[in-house]
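Worksheet for the structure shown next.
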Amino acid sequence: MKSRLMQQLLILLLVVGISSAGDLRVNITNGTANQPGKADRVVLMDLTAGMVEVASATNVIKSTTFSDVVSSGQSQYLVRATLGSVNYSAMFVPTPGVTAWETSLTVYDTKESIHDVNVSVPFFVIYGFEEKLYIQKRIILENNSIPPVTFAATPGLAKVYVPENVSELENLTFKSGTMPVRTGPIDSENGQVLPNPIKPGVSEIDLSYYTAYDPKGTTLTEIVGYDIDHFHIYTMPLDLSISAPGLSREGTDNENGLAIYAIEGVKAGTMLEFQISGKGMSESGTDDHNHTEQQSTGKIVIENRVDTGVELAIAGVLIMAILISLFVSVTQQSEDLKHESIEMLKKQKADLLKQYSKLGDSSSEGDDKDKLLYRLVSVYKTLDRIK
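Heads up: the sequence shown is residues 13 to 399, going by this note's numbering.
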């Protein structure tokens with residue numbers, strides 16, 4: 013095992029030390045017209061140097077070529093085309109030993125009015141704690157326009173709602189493609205909107221925040237920006253009391269310890285007022301929490317404490333991932349690492365659920381149950397975040 017690892021390290025050192033340069037041709041396609049397109053600007057950024065712009069071209073028609081593009085065992089680039097203030101990006105990894113490459117970017121015409129966009133809310137979760145509520149929600153926007161176009165206008169078209177009484181806005185991201193980007197709400201005559209364009213395909217809005225909570229009774233408001241046929245609400249702990257006009261209990265997610273509620277046929281612009289009461293989860297041990305630095309494409313990690321053994325295992329996986337990146341594509345490497353992480357978290361979740369089921373309702377075991385709940389929240393949120 014040691015000799016094999018040494019061989020891989022030697023190969024890594026040799027390949028990293030070898031570099032060459034070549035020409036990169038970038039083809040622009042207009043996805044709306046399904047023909048060669050144009051871009052106001054095309055740039056090439058070196059990811060290994062920290063998103064440094066290494067080449068650019070303006071008023072590009074059909075294609076442009078960048079010369080002296082460096083290729084080595086570590087080279088990774090981002091190609092970005094801008095059309096009408098909307099950016100379209102794609103990764104480019106040059107093959108070592110080759111002196112000419114070709115890649116393509118698809119851009120779309122822009123429209124200022126939305127049509128053929130399906131909207132869903134896969135989760136709206138309310139966590140009750142002793143003195144605060146933690147809310148997470150995800151909005152899925154499916155741009156199914158034919159021919160495909162990007163929807164964009166000033167100040168924005170993607171609707172979102174952040175209540176005025178938020179004590180901490182933990183996370184707000186917009187993802188179109190694979191990379192979520194931080195964003196912020198803008199007040200407009202149509203309510204709060206995001207400046208992010210809605211491109212063809214699936215986009216995700218992820219939002220999480222804290223509000224003050226009184227166990228004797230608290231009102232949580234939500235303005236729904238889109239027509240939603242089946243609006244789901246999840247709560248934790250299970251005995252948290254929640255009511256609202258049209259809200260009905262649907263069941264229980266036993267695997268994750270969530271109560272499931274739903275409201276049918278919610279129309280755009282509807283204000284939902286949830287009346288919430290009851291004892292929340294204990295906040296003991298929150299000094300170990302570090303939620304402010306978390307950026308998520310899904311549920312936010314409340315507790316990011318990791319055992320030393322797990323840290324070493326993750327470190328080993330990352331080291332091996334760097335080594336095998338010389339022999340497999342970046343996409344495949346990412347998928348393999350993701351699969352291993354998911355399996356590890358699933359096993360941890362199963363173990364925690366077994367421990368939780370063995371605890372009784374006595375006050376002496378209350379602290380242990382609260383601690384296990386925190387760990388469960390952390391694990392299943394992390395699972396949803398990387399799926």
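For every residue, glycine included, the Cβ atom is placed at its ideal position computed from N, Cα and C.
Is there a C-beta anywhere in chain D that falls below 7 Å from the one on residue i?
i	result
D239	Looking at the structure shown, chain D is missing, and only one protein chain is on hand.
Go ahead and pull the three-state DSSP assignment for residue i.
i	result
L385	helix
S68	strand
D199	strand
T60	helix
A362	helix
L252	coil
S32	strand
N368	Before going further, note that residue 368 is Tyr rather than Asn in the sequence given. Y368 falls in the helix class under three-state DSSP.
L357	helix
D226	coil
Using 10 angstroms around the beta-carbon of residue i, count the other beta-carbons present and answer buried if the total reaches 16, otherwise exposed.
i	result
E234	buried
Q360	buried
R194	exposed
D241	exposed
I138	buried
P257	exposed
M293	buried
E201	exposed
M191	exposed
V449	The question about residue 449 has no answer here: the residues shown for the chain are numbered 13 through 399.
L145	buried
V119	buried
Is it the case that the Cβ atoms of residue i and residue j are separated by a distance below 7 Å?
i	j	result
V38	T94	no
V172	Q204	yes
I254	E262	no
G290	L232	no
N99	V129	no
A102	G34	no
F243	V133	yes
K59	L90	According to the sequence displayed, residue 59 carries Leu and not Lys. A contact, by the Cβ cut-off of 7 Å.
I288	T223	no
V236	V278	yes
E216	I152	yes
Y225	E143	yes
Y238	A274	no
I245	F136	yes
M248	L270	yes
G384	Y368	It should be noted that the sequence gives Leu, not Gly, for residue 384. Their beta carbons are under 7 Å apart, which means L384 touches Y368 by this criterion.
Please work out which residues of its chain come closer than 6 Å, Cβ to Cβ, to residue i, disregarding the five sequence neighbours upstream and downstream, and give them in chain order.
i	result
D121	T44 and V161
A165	E124
A327	Low confidence applies here, because A327 scores a pLDDT of 41, under 50, leaving its location unreliable and the question unanswered by this model.
L12	The requested residue 12 does not occur in the structure, where the chain is confined to residues 13 to 399.
F78	L36, L56 and A67
State the beta-bridge partners of residue i as determined by DSSP.
i	result
G168	DSSP output for G168 lists no bridge partner at all.
I242	According to the sequence provided, residue 242 is His. The question's Ile does not apply to it. For H242, which the question treats as bridged, DSSP gives the partners E276.
I40	L117
I152	S132 and E216
V81	G34
I235	M283
Please work out which residues of its chain come closer than 8 Å, Cβ to Cβ, to residue i, disregarding the five sequence neighbours upstream and downstream, and give them in chain order.
i	result
K74	N39, I40, P48, G49 and K50
K228	S289
I210	I126, V129, L153, N155, T162, F163, A164, L169, A170 and S188
For residue i, I'd like the list of residues in its chain whose CB is within less than 7 Å of its CB, leaving aside the five on either flank, ordered along the chain.
i	result
D363	none
K175	It should be pointed out that residue 175 corresponds to Pro in this sequence rather than to Lys. Within the same chain, P175 has close Cβ partners T223 and T233.
K366	none
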